[in-house]
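Student:
In the working numbering, the protein residues as written are 255 to 369.
#1: In three-state terms, what does DSSP make of residue 289?
#2: Taking all protein chains shown into account, do 16 or more other C-beta atoms lie within 10 angstroms of the C-beta of residue 269, making it buried, or fewer, making it exposed?
#3: When you compare each of 262, 327, 287 to residue 272 by their alpha carbons, which one comes out closest?
#4: Taking the DSSP output, what are the residues bridged to residue 297?
#5: Opposite residue 261 in the DSSP bridges: which residues?
#6: Please name the residue in 290, 285, 278 whose C-alpha comes closest to that of residue 263.
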């Protein structure tokens with residue numbers, strides 16, 4: 255894949271060419287690690303997490319045979335950000351009211367009053 259650590263960081267997605275060992279990231283150019291919602295801005299159910307992981311795998315697979323770069327990781331991260339927004343708007347995830355950051359970065363919560 256690559257010789258240097260590559261990473262992409264968006265508000266809710268972090269992607270690294272590394273693996274996790276003992277709660278530390280260890281550079282590994284043959285693996286990508288996804289850190290989803292590091293600030294716990296959303297409430298996640300296992301099914302929603304699996305949807306993100308599956309979409310991540312699809313996006314990575316679509317890059318097979320192409321050179322991996324910071325740019326291609328940013329494209330994957332941006333696509334996942336958009337997917338999170340779609341999931342939020344569809345009510346599949348919701349904002350975490352106990353989050354240390356409650357700024358509605360993906361838009362105001364959708365309630366039946368506003369629909």
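Idealized CB from N, CA, C, for every residue including glycine.
Predicted, not measured: the structure shown is a model, and the values here were computed from it.
Tutor: In brief:
#1: strand
#2: When all chains shown are included, residue 269 counts as buried.
#3: Closest option to residue 272, Cα to Cα, is 287.
#4: According to DSSP, which records beta bridges pairwise, residue 297 is partnered with 348.
#5: Looking at the DSSP assignment, residue 261 forms a beta bridge with 270.
#6: 290
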